[in-house]
Amino acid sequence: MRMTQLLIAAATVAGAAVPAIAADPIAERQAIMKQNGKDTKALVGYMKGETPYDAAAVTALFTSMNNGAKAFGSKFPPTSKTGGKTEAAPAIWEKPADFKAAVAKFQTDTGAAAAARPASLDAMKPLFGAVTANCKSCHETFRVKEQ
Amino acid sequence: MRRAAIAVAVVIVAAAALFWVLTIPRRLPAAAIAAEASGDAGRGARIFWAGGCASCHAAAGARGDDRLRLGGRALATPFGQFQAPNISPDPGAGIGNWRIADFANAMQRGVDPEGRHLYPAFPYNSYIKMTKGDIADLFAYLRTLPPVTTRTPETVLGFPYNIRRGVGLWKLLYLGDETPVVSLPAGAPATAAQGRYLVEGPGHCGQCHTPRTLQGLGGLDAGRWLGGAANPEGKGRIPNITPAKSGIGAWSAEEIETYLETGFTPDYDSVGGSMVEVQQNMAKLTKADRAAIAAYLKSVPAVD
Chain A
0 MRMTQLLIAA ATVAGAAVPA IAADPIAERQ AIMKQNGKDT KALVGYMKGE
50 TPYDAAAVTA LFTSMNNGAK AFGSKFPPTS KTGGKTEAAP AIWEKPADFK
100 AAVAKFQTDT GAAAAARPAS LDAMKPLFGA VTANCKSCHE TFRVKEQ
Chain B
0 MRRAAIAVAV VIVAAAALFW VLTIPRRLPA AAIAAEASGD AGRGARIFWA
50 GGCASCHAAA GARGDDRLRL GGRALATPFG QFQAPNISPD PGAGIGNWRI
100 ADFANAMQRG VDPEGRHLYP AFPYNSYIKM TKGDIADLFA YLRTLPPVTT
150 RTPETVLGFP YNIRRGVGLW KLLYLGDETP VVSLPAGAPA TAAQGRYLVE
200 GPGHCGQCHT PRTLQGLGGL DAGRWLGGAA NPEGKGRIPN ITPAKSGIGA
250 WSAEEIETYL ETGFTPDYDS VGGSMVEVQQ NMAKLTKADR AAIAAYLKSV
300 PAVD
């Protein structure tokens, strides 16, 4: 139980801290993505059975990702195409409607996962699959590696 | 004056003759080609996914069963627009009338049934390292796929790349042979050799992950094998996948395997760009094949 509270607190703090720390949109969106990675890593722990299942903690992780997803779309002003080691693909600004749809899908899927409050690992599995399918489907078009 | 003109003419004719001889398309010796209809389609499926044929020969963005409809697609590069051709079993538009020798020569010598050079956008300098049995299995598998009637448009390149015969010079220098690129260290796991075959041969990973000589015109730079390269499609870099600090030296073999299976890096960043399709192909291989690839990637020389 203490672990759960800690995780919820950590996810909340991280979610809240993102806009406060970062002053520019590139750093802000990178921080959101870093948090997505951490949340995914924690979720994988449950998926693999390495962490004993905890419904509240899993819901908190999906909520954290949903908070990031809601903030994410506004972090790509035309002034942020380059700089700050950004790996944002030109396609974000070339196909704005597609990008918007991809971000909206991530919001929907993370929102649905959080709202479902999965009570068991079996309930979590399809939600995890739906949420993380967004990673590669979006990165395929909208992210380019720089190193 | 007349003598000078004759001398110039002689030099030109001699140069043309030399170019002609040097660039003659060379086919495989008969012994290097498997027997007609000797391939096994079941085994060929593995080679098909290891090779990622659908990534260039199925329509862009194809999903599910549409990835098995190999009607070809255009490939935009700095040299011009290549056309990955229709390789479906349609007898008119595809390769339904090909025999194993036609297929093997295209795959391993870059020569089409009419005896013309194919451009090395088709990575036959990797496929040359494949066994004739795997070529036959792949050929058998392709025959089981749905015929597509779309005709392949002509490749349109600028001068001088539009001189197909010139590809012969490139081949003289860079076609290579069946010898592996990397000598495995004595301590490498036994599976690394299988991984080497998959990576250097059908998987043709080096085509994107290894830089090319001569500003991209040359061959793969064996001295910087898998050390990362410019992105042929534009912005960004294709990552260094050697065990270097700037590569994936920090990844364990298991983490490489997981990446190939799920698309997640050790810190749960995800696969992106054209590697998404490649990773999804790798996910269709067996765990043993992915483990072999990981063992090989842990054994190649680090490029910093």
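Heads up: the protein sequence lines correspond to chains A and B, in order. Under numbering that gives the first Met the number 0, the first residue of the first sequence is numbered 0, with each subsequent residue one higher. Under numbering that gives the first Met the number 0, the first residue of the second sequence is numbered 0, with each subsequent residue one higher. For glycine and all other residues, C-beta sits at the position ideal for the given N, C-alpha and C.
Alpha carbon of residue i to alpha carbon of residue j, nearest angstrom
{"i": "T264(B)", "j": "A252(B)", "result": "12 Å"}
{"i": "L92(B)", "j": "D111(B)", "result": "Inspection of the sequence shows that residue 92(B) is occupied by Ala rather than by Leu. So the alpha carbons of these two residues sit roughly 14 Å apart."}
{"i": "K344(B)", "j": "D303(B)", "result": "Since the first residue shown for chain B is 0 and the last is 303, residue 344(B) is missing from the structure and cannot be characterised."}
{"i": "R42(B)", "j": "P88(B)", "result": "18 Å"}
{"i": "A21(A)", "j": "M129(B)", "result": "Low per-residue confidence applies at A21(A): pLDDT is 46, beneath 50, and the placement is therefore not dependable, though the value from the model is reported in the following sentence. Each residue's alpha carbon lies about 51 Å from the other."}
{"i": "A282(B)", "j": "V166(B)", "result": "34 Å"}
{"i": "T81(A)", "j": "N96(B)", "result": "50 Å"}
{"i": "A115(A)", "j": "N66(A)", "result": "16 Å"}
{"i": "S298(B)", "j": "I32(B)", "result": "31 Å"}
{"i": "E35(B)", "j": "L284(B)", "result": "26 Å"}
{"i": "T178(B)", "j": "A61(B)", "result": "35 Å"}
{"i": "N133(A)", "j": "L168(B)", "result": "45 Å"}
{"i": "N124(B)", "j": "C207(B)", "result": "13 Å"}
{"i": "A304(B)", "j": "R164(B)", "result": "Outside the shown range of chain B, which is 0 to 303, sits residue 304(B), and nothing can be said about it."}
{"i": "K124(A)", "j": "M46(A)", "result": "7 Å"}
{"i": "T39(A)", "j": "D121(A)", "result": "17 Å"}
{"i": "P300(B)", "j": "P242(B)", "result": "7 Å"}
{"i": "M64(A)", "j": "P51(A)", "result": "21 Å"}
{"i": "I11(B)", "j": "Y140(B)", "result": "48 Å"}
{"i": "A68(A)", "j": "P119(B)", "result": "42 Å"}
{"i": "Q34(A)", "j": "F71(A)", "result": "12 Å"}
{"i": "M0(A)", "j": "A118(A)", "result": "Because M0(A) carries a pLDDT of 45, less than 50, the predicted location of this residue cannot be relied on, and no value is offered for it."}
{"i": "I292(B)", "j": "A191(B)", "result": "7 Å"}
{"i": "P238(B)", "j": "E232(B)", "result": "14 Å"}
Classification of residue i by the beta-carbon crowding that lies within 10 angstroms, buried from 16 upward
{"i": "D176(B)", "result": "exposed"}
{"i": "E256(B)", "result": "buried"}
{"i": "M274(B)", "result": "buried"}
{"i": "P159(B)", "result": "exposed"}
{"i": "S73(A)", "result": "exposed"}
{"i": "T131(A)", "result": "buried"}
{"i": "P90(B)", "result": "exposed"}
{"i": "V9(B)", "result": "exposed"}
{"i": "D108(A)", "result": "buried"}
{"i": "A56(A)", "result": "buried"}
{"i": "M32(A)", "result": "buried"}
{"i": "K269(B)", "result": "Here residue 269(B) is Ser; the residue named in the question, Lys, does not match the sequence. S269(B) should be labelled buried."}
{"i": "D65(B)", "result": "exposed"}
{"i": "V7(B)", "result": "exposed"}
{"i": "G58(A)", "result": "The amino acid occupying residue 58(A) in the given sequence is Thr; Gly does not appear at that position. Result: buried."}
{"i": "V20(B)", "result": "exposed"}
{"i": "P95(A)", "result": "exposed"}
{"i": "S182(B)", "result": "exposed"}
{"i": "P145(B)", "result": "exposed"}
C-beta neighbour in chain A for residue i, strict 8 Å
{"i": "S54(B)", "result": "no"}
{"i": "S269(B)", "result": "yes"}
{"i": "G79(B)", "result": "no"}
{"i": "G205(B)", "result": "no"}
Any chain B beta carbon closer than 8 Å to residue i
{"i": "G128(A)", "result": "no"}
{"i": "R28(A)", "result": "no"}
{"i": "V143(A)", "result": "yes"}
{"i": "G83(A)", "result": "no"}
{"i": "G36(A)", "result": "yes"}
{"i": "K135(A)", "result": "yes"}
8 Å Cβ cutoff met for residue i and residue j
{"i": "A73(B)", "j": "H56(B)", "result": "no"}
{"i": "G38(B)", "j": "D136(B)", "result": "yes"}
{"i": "V143(A)", "j": "E86(A)", "result": "yes"}
{"i": "G272(B)", "j": "E139(A)", "result": "yes"}
{"i": "D288(B)", "j": "G36(A)", "result": "no"}
{"i": "T149(B)", "j": "G70(B)", "result": "yes"}
{"i": "Y126(B)", "j": "P201(B)", "result": "yes"}
{"i": "E276(B)", "j": "S54(B)", "result": "yes"}
{"i": "K234(B)", "j": "A88(A)", "result": "yes"}
{"i": "A100(A)", "j": "F141(A)", "result": "no"}
{"i": "L197(B)", "j": "T209(B)", "result": "no"}
Which residues, in chain order, does the segment 85 to 116 of chain A contribute to contact with chain B at a C-beta distance below 9 Å?
Shown in chain order are the members of the segment 85 to 116 of chain A whose Cβ falls below 9 Å from a Cβ of chain B: E86, A88, P89.
Taking Cβ-Cβ distances below 9 Å as the criterion, which residues of the segment 225 to 245 of chain B are in contact with chain A?
G227, N230, E232, G233, K234, G235, R236, I237, P238, N239, S245
Residues of the segment 149 to 167 of chain B with Cβ closer than 9 Å to any Cβ of chain A, in chain order
none
Give me the subset of the segment 39 to 59 of chain A whose CB atoms are less than 8 Å from a CB atom of chain B, sorted by chain position.
Along the segment 39 to 59 of chain A, going in chain order, the ones with a CB nearer than 8 Å to a CB of chain B are T39, K40, V43.
Interface positions of the segment 273 to 293 of chain B facing chain A (Cβ-Cβ less than 7 Å), listed along the chain
V275
Closer than 8 Å between beta carbons: that is the criterion. Which residues of the segment 250 to 269 of chain B meet it against chain A?
G262, F263, D266, Y267, D268, S269
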